[in-house]
Structure formats: structure tokens, C-alpha cells
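Accompanying notes for the structure given below.
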Amino acid sequence: MFTYSIKSTSTYSIICSPIDATDLDFFITSHSDYLPTGIVSPSITEWIVENGEFNKKLDASLTLSGAMNLKRMVIGDDCYGSVRSFRIDGLNELESIVIGEKSFTYVKSEQAIDIMQTDGSCRITNCPKLVSIQIGNWSFSDYKSLEISHLPSLKSIEMGCGCFHRGLSFSLIGLLDGLN
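Every letter in the sequence shown is one number past the one before it in my numbering, and letter 112, counting from 1, is 652.
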């Protein structure tokens with residue numbers, strides 16, 4: 541079982557070219573303090589992002605899809621503030637998603653509500669073993685849409701205060717009757 545904890549440092553360098561999967565394990569072990577936000581090794585089972593990470597304008601989207609062994613995703617508080625598209629699709633082994641407070645939110649202050657973005661999109665789809673989704677207070681607060689679909693094992697969705705506060709579209713498709 542592999543677990544990678546992702547955190548940035550002030551001395552990392554941005555990798556502009558794609559990394560081949562065969563070189564990814566070497567890259568992770570030789571650069572343990574930084575992992576590009578768009579790349580997660582297919583062999584890991586747990587992905588943890590520390591509080592306050594990846595808030596610089598590096599990526600506009602974060603997508604995890606395809607043949608991965610990821611079972612658990614944990615994103616801390618106040619992460620990925622500049623990401624405007626969050627997509628999880630077709631992760632066949634994924635069982636739980638935990639997102640802390642004020643993550644995936646561009647403007648963190650309630651006083652700045654007039655300048656909030658409202659273009660964000662969150663999609664969690666086609667994950668047959670996903671049992672739970674937990675989202676902390678004010679995460680995705682300025683996202684416009686949420687789509688949760690084709691998650692046959694989903695038993696619970698917990699969303700804190702202010703999540704999808706500016707949401708215009710919510711779509712829950714193909715969920716079990718036993719959803720809490």
C-alpha cells in the first residue's frame with residue numbers, strides 16, 4: 541500500500557512537460573516535497589493534501605480519472621483556491637473523499653462577497669465503490685455547479701455551512717435510495 545502526502549515548498553519548480561508513469565515513482569521519491577497537482581501515481585491508494593497548499597495560480601482545474609488504485613482522498617483546509625474545475629471520474633477503487641474547510645474557494649473572506657467568482661464546476665461521477673463524500677464549511681462556496689452521478693455505493697454526503705453558496709445547478713443522478 542502506498543500513501544503520498546502532498547505539500548508544496550517555496551523552492552519547488554513547476555514541471556512543464558508531462559511525466560511518464562514509469563518515471564513517476566522516481567520523481568516522487570526524489571522530490572518528496574512537491575508533486576504536480578495534475579499528476580497522481582496510478583499505484584497510490586491514499587492521497588493526502590496538507591492544509592493551506594496549492595493556492596497560487598498554478599492550475600485552473602484538477603481532474604482525477606482513469607485506471608487508478610486510489611481508495612481515499614483527503615484534501616485539507618484552505619487548499620486549491622484558484623482551481624475552478626474539480627473533476628473525479630471513473631475511479632473504480634475510490635471509497636471516500638474528505639475535503640476540509642474553505643477549499644476550492646477563490647475568495648476566503650465573507651466581506652469580499654461582491655468579488656466572488658461564480659464559474660466553478662465540481663463533478664464526481666462513475667465511481668462504483670465511493671461510499672462517502674465529506675465537504676467542510678465554505679468549500680466550493682463560489683462554484684456554480686455540482687454534479688454527483690453514477691455512484692451506486694454512495695451512502696452519505698456531508699456538506700458544511702456555505703458549501704456551493706453561489707451554486708446555480710445541482711445534479712444528483714443514479715444514487716441509491718439509502719443515501720443519508
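No residue lacks a Cβ here, since even glycine has one placed at the ideal position from N, Cα and C.
Roughly how many whole angstroms lie between the Cα atoms of residue i and residue j?
| i | j | result |
| --- | --- | --- |
| isoleucine 697 | serine 636 | 10 Å |
| glutamate 586 | isoleucine 615 | 11 Å |
| glycine 707 | valine 623 | 16 Å |
| leucine 694 | valine 589 | 23 Å |
| alanine 600 | asparagine 632 | 25 Å |
| leucine 686 | threonine 603 | 14 Å |
| leucine 610 | aspartate 629 | 12 Å |
| serine 709 | threonine 665 | 16 Å |
| isoleucine 568 | alanine 607 | Unreliable positioning characterises isoleucine 568 in this predicted model, as indicated by a pLDDT of 41, which lies under 50. The coordinate reading is nonetheless provided below. C-alpha separation (whole angstroms): 19 Å. |
| arginine 612 | glycine 640 | 14 Å |
So does residue i have its beta carbon nearer than 6 Å to some heavy atom of the ligand GDP?
| i | result |
| --- | --- |
| glycine 606 | As far as ligands go, the structure on display features none, and thus does not contain the ligand GDP. |
Could you please give the first and the last residue of the uninterrupted beta strand (DSSP E) stretch that includes residue i?
| i | result |
| --- | --- |
| phenylalanine 644 | Neither: phenylalanine 644 is in no beta strand (DSSP E) and is coded neither H nor E. |
| tryptophan 587 | 586-589 |
| leucine 602 | 601-605 |
| tyrosine 683 | 683-689 |
| glycine 707 | Run containing glycine 707: none; DSSP gives neither H nor E here. |
Would residue i be called buried (16 or more neighbouring beta carbons within 10 Å of its own) or exposed?
| i | result |
| --- | --- |
| cysteine 701 | exposed |
| aspartate 563 | In this prediction, aspartate 563 scores a pLDDT of 46, lower than 50, which makes its location untrustworthy; no coordinate-derived value is stated. |
| serine 679 | buried |
| glycine 483 | Nothing in the structure corresponds to residue 483, since the chain is present only between 541 and 720. |
| lysine 642 | buried |
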